[in-house]
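Visitor:
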Amino acid sequence: MKMLRFGIEIETVGASRQKLAHAIQGAVGGRVSGDYQGWQVTDSQGRTWKVVPDGSLSGGEYSGEIVSPILTYQDMEALQQVVRAAREAGARADASTGIHIHVDGSRFDAKGITNLVKMVHKQERLLETALGVSATRLARYCRPIDAAFIQRLEARRPRTLQEVNEAWYGRHNVAPQRYDSSRYHGLNLNSLFFRGTIEFRYFNGSVHAGEVKAYVQLVLALAARALASKAASSKRRDFNPATAKYDFRVFLLHLGLIGEEFKTARTHLLKKLEGSAAWKGQRRDKRGSGGGEDGSPGSEGTQSAQGGSGSAQGDAHEALAA
Numbered sequence: 001m002k003m004l005r006f007g008i009e010i011e012t013v014g015a016s017r018q019k020l021a022h023a024i025q026g027a028v029g030g031r032v033s034g035d036y037q038g039w040q041v042t043d044s045q046g047r048t049w050k051v052v053p054d055g056s057l058s059g060g061e062y063s064g065e066i067v068s069p070i071l072t073y074q075d076m077e078a079l080q081q082v083v084r085a086a087r088e089a090g091a092r093a094d095a096s097t098g099i100h101i102h103v104d105g106s107r108f109d110a111k112g113i114t115n116l117v118k119m120v121h122k123q124e125r126l127l128e129t130a131l132g133v134s135a136t137r138l139a140r141y142c143r144p145i146d147a148a149f150i151q152r153l154e155a156r157r158p159r160t161l162q163e164v165n166e167a168w169y170g171r172h173n174v175a176p177q178r179y180d181s182s183r184y185h186g187l188n189l190n191s192l193f194f195r196g197t198i199e200f201r202y203f204n205g206s207v208h209a210g211e212v213k214a215y216v217q218l219v220l221a222l223a224a225r226a227l228a229s230k231a232a233s234s235k236r237r238d239f240n241p242a243t244a245k246y247d248f249r250v251f252l253l254h255l256g257l258i259g260e261e262f263k264t265a266r267t268h269l270l271k272k273l274e275g276s277a278a279w280k281g282q283r284r285d286k287r288g289s290g291g292g293e294d295g296s297p298g299s300e301g302t303q304s305a306q307g308g309s310g311s312a313q314g315d316a317h318e319a320l321a322a
């Protein structure tokens with residue numbers, strides 16, 4: 001996952017685009033240019049960060065979408081500094097804002113794309129709940145994966161990106177357009193065929209640096225798992241709110257978001273879910289003392305995380321196959 005390139009769009013309200021641009025400059029250096037239509041920051045590495053208007057945002061002139069340049073995992077701290085600077089400049093999130101994360105599509109062939117679509121489709125209800133996607137956004141800007149698209153993928157078993165294109169659009173689209181209506185899905189493949197990136201649109205707006213980092217790590221882990229997998233199942237898992245926190249933690253561990261490095265990411269990604277992160281059964285969870293930040297009883301080295309009949313890793317195959 002740390003070898004994948006990505007980009008991010010962060011929608012904000014509460015600060016003008018000019019103020020956001022100067023805040024970004026304070027975080028990454030370089031120079032600022034622009035006007036009322038949009039501002040650019042050319043950072044110390046020669047990369048361009050943009051702050052552009054978005055008519056869907058509630059803030060009018062006091063709103064803007066921060067568009068990053070192409071980033072690598074090593075740029076994560078710089079991205080967090082940009083988010084912190086925007087927040088200090090008065091930027092905030094509200095119901096009109098969202099975050100879109102793009103992954104470089106050049107690493108993906110038909111199998112990788114198909115694996116990714118099937119993985120997300122299988123866990124989509126859990127993802128939407130964990131990320132707190134509102135009913136309004138689910139209905140309009142980040143719709144669930146289309147059932148007809150999944151059916152076409154399953155029937156055709158595409159071997160080429162052209163066949164994936166035909167499954168996505170329902171026809172062979174030789175000239176995809178940026179604003180094609182199919183773009184408004186949580187997993188947007190129109191972006192792949194238009195600009196060469198896979199777009200994830202599930203995320204609510206945020207100017208919390210830790211949340212933004214967690215969202216990027218989740219997307220990169222999903223993409224890396226899809227690329228590494230020989231095959232994937234698209235069958236929707238049953239969603240149980242009472243065990244959602246445990247189920248999603250198992251999924252995160254399966255993606256490789258395990259250990260101290262990703263502890264903060266797990267904390268952010270699990271915090272909206274009900275139940276226990278350590279056990280499916282509430283009574284068992286009450287035994288013992290102490291608890292980790294992500295809901296585990298003690299450290300990641302306990303039996304619940306590392307092994308044994310009740311371990312999260314040990315139950316991963318069962319949970320993912322359900």
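Here full-length UniProt numbering is used: the first residue of the sequence shown is 1, the next is one more, and so on. Glycine residues also receive a C-beta, built at the ideal position from the N, C-alpha and C atoms. The model shown is predicted, which means the values in this text are computed figures rather than measured ones.
When the Cβ atoms of the region 170-188 are set against those of the region 232-240, are three or more pairs found closer than 8 Å?
Guide: no
Visitor: Please state the DSSP three-state secondary structure of residue 329.
Guide: The shown model of the chain, from 1 to 322, leaves out residue 329, and the question about it has no answer.
Visitor: Among A223, K213, G205, P53, whose alpha-carbon lies nearest the alpha-carbon of E35?
Guide: Reading the sequence shown from its first residue, position 35 is the one you call residue 35. First, the residue type needs correcting, since residue 35 is Asp and not Glu in the sequence shown. Comparing Cα positions, the closest option is P53.
Visitor: Is DSSP giving V28 helix, strand or coil here?
Guide: On the sequence shown, residue 28 is found 28 positions in, with the first residue counted as 1. The answer is helix: DSSP assigns V28 an H, G or I state.
Visitor: What are the residues that DSSP puts in a beta bridge with L275?
Guide: As a position in the sequence shown, residue 275 is number 275, starting the count at 1. For clarity, residue 275 is Gly in the given sequence; the question names Leu instead. Paired residue(s): none; G275 is not in a bridge.
Visitor: At 3 residues or longer, and completely inside the region 91-176: list those beta strand (DSSP E) runs for me, N to C.
Guide: For the region 91-176, the continuous beta strand (DSSP E) assignments of 3+ residues that do not extend past its boundaries occur at 98-104, in sequence order.
Visitor: Is the beta carbon of R201 less than 8 Å from the beta carbon of C142?
Guide: Against the sequence shown, residue 201 aligns to sequence position 201. Against the sequence shown, residue 142 aligns to sequence position 142. Their beta carbons are under 8 Å apart, which means R201 touches C142 by this criterion.
Visitor: Which of the three DSSP states, helix, strand or coil, is assigned to E11?
Guide: Here residue 11 corresponds to residue number 11 of the sequence shown, with the count starting at 1. E11: strand per DSSP, three-state reduction.
Visitor: Please say whether I113 and V212 have beta carbons closer to each other than 8 Å?
Guide: In the sequence shown, the residue the question calls residue 212 occupies position 212. In the sequence shown, the residue the question calls residue 113 occupies position 113. No, these two residues do not count as a Cβ contact at 8 Å.
Visitor: Would you mind giving the Cβ-Cβ distance between G259 and M1, rounded to the nearest angstrom? I have them listed as a contact below 8 Å.
Guide: Counting from 1 along the sequence shown, the entry for residue 259 is found at position 259. Counting from 1 along the sequence shown, the entry for residue 1 is found at position 1. Rounded, the Cβ-Cβ distance is 13 Å, inconsistent with contact.
Visitor: Beta carbon of A214, beta carbon of H254: below 8 Å?
Guide: As a first step, residue 214 must be located in the sequence shown, where it is residue number 214. As a first step, residue 254 must be located in the sequence shown, where it is residue number 254. Cβ distance not < 8 Å, so A214 and H254 don't count as in contact.
Visitor: For M76 and Q217, what's the separation of their Cα atoms in angstroms?
Guide: Position 76 of the sequence shown, counted from the start, is the residue given in the question as residue 76. Position 217 of the sequence shown, counted from the start, is the residue given in the question as residue 217. So the alpha carbons of these two residues sit roughly 10 Å apart.
Visitor: Drop a sphere of 10 angstroms on the beta-carbon of Q123, count the other beta-carbons inside from all chains shown, and report buried for 16 or more, exposed for fewer.
Guide: Your numbering for residue 123 matches position 123 in the sequence shown. Label assigned to Q123: buried.
Visitor: Decide yes or no for the touch test of the region 188-207 against the region 126-137: beta carbon pairs closer than 8 Å, at least 3 of them.
Guide: yes
Visitor: Buried or exposed, going by whether 16 or more other CB atoms sit within 10 Å of the CB of R140?
Guide: To locate residue 140, count along the sequence shown from 1; it is residue 140. Answer is exposed; the Cβ neighbour count stays below 16.
Visitor: Is it buried or exposed for K245, if we count other Cβ within 10 angstroms and need 16 for buried?
Guide: Mapped onto the sequence shown, residue 245 falls at position 245. That one is buried.
Visitor: Give me, in chain order, the residues of the same chain whose beta-carbon lies closer than 7 Å to that of I70; leave out the 5 immediate sequence neighbours on both sides.
Guide: As a first step, residue 70 must be located in the sequence shown, where it is residue number 70. Excluding positions up to five away in sequence, the list reads R5, G7.
Visitor: Please name the residue in E9, R92, I24, S33 whose C-alpha comes closest to that of A15.
Guide: Working through the sequence shown from its first residue, we reach residue 15 at position 15. Considering only alpha carbons, the answer is R92.
Visitor: What are the boundary residues of the beta strand (DSSP E) that includes K280?
Guide: In the sequence shown, residue 280 corresponds to position 280, counting from 1. Run containing K280: none; DSSP gives neither H nor E here.
Visitor: Given this structure, state the Cα-to-Cα distance separating G29 from V82, to the nearest angstrom.
Guide: Walking along the sequence shown from the start, residue 29 turns up at place 29. Walking along the sequence shown from the start, residue 82 turns up at place 82. Roughly 11 Å separates the two Cα atoms.
Visitor: So which of D104, K118, T42, A95 has the shortest CA-CA distance to residue 326?
Guide: What the structure shows of the chain is the stretch from 1 to 322, and residue 326 is not part of that stretch, so it cannot be assessed.
Visitor: Using three-state DSSP, classify V207 as helix, strand or coil.
Guide: The count along the sequence shown starts at 1 and reaches residue 207 at position 207. V207: coil per DSSP, three-state reduction.
Visitor: Can you tell which of K263, A265, R249 has the C-alpha that lies nearest to the C-alpha of R275?
Guide: Taking the first residue of the sequence shown as position 1, residue 275 is located at position 275. At residue 275 the sequence reads Gly, which differs from the Arg that was named. Nearest option by C-alpha distance: R249.
Visitor: With H102 and S191 assumed to form a contact (beta carbons below 8 Å), what rounded beta-carbon distance in angstroms separates them?
Guide: Locating residue 102 in the sequence shown gives position 102, counting from the first residue. Locating residue 191 in the sequence shown gives position 191, counting from the first residue. At roughly 7 Å, the Cβ-Cβ gap stays under 8 Å, so H102 and S191 are in contact.
Visitor: Measuring only the C-alpha atoms, how far is R167 from H121?
Guide: By one-based count along the sequence shown, residue 167 stands at place 167. By one-based count along the sequence shown, residue 121 stands at place 121. A quick correction: the sequence has Ala, not Arg, at residue 167. Those two C-alpha atoms are separated by around 15 Å.
Visitor: With a CB to CB cut of under 7 Å and the five nearest residues on each side skipped, what residues in its chain are close to D43?
Guide: Mapped onto the sequence shown, residue 43 falls at position 43. The residues are V28, G29, G30, W49.
Visitor: Quick check on the DSSP output: the beta strand (DSSP E) that includes Q40 runs from which residue to which?
Guide: In the sequence shown, counting from the first residue as 1, residue 40 sits at position 40. Counting along the chain, the beta strand (DSSP E) containing Q40 begins and ends at 38-42.
Visitor: Starting from T48 and walking both ways along the beta strand (DSSP E), at which residues does that stretch end?
Guide: Here the question's residue 48 lines up with position 48 in the sequence shown. First-last of the beta strand (DSSP E) with T48: 48-52.
Visitor: Can you tell me whether DSSP reads L220 as helix, strand or coil?
Guide: Position 220 of the sequence shown, counted from the start, is the residue given in the question as residue 220. Of the three classes helix, strand and coil, the one that applies to L220 here is helix, per DSSP.
Visitor: Counting along the chain, where does the alpha helix (DSSP H) carrying N240 start and finish?
Guide: Reading the sequence shown from its first residue, position 240 is the one you call residue 240. Note, N240: premise wrong, no alpha helix (DSSP H); not H, not E.
Visitor: In this structure, does DSSP put E199 in helix, strand or coil?
Guide: The residue labelled residue 199 in the question sits at position 199 within the sequence shown. In this structure, E199 counts as strand in the three-state DSSP scheme.
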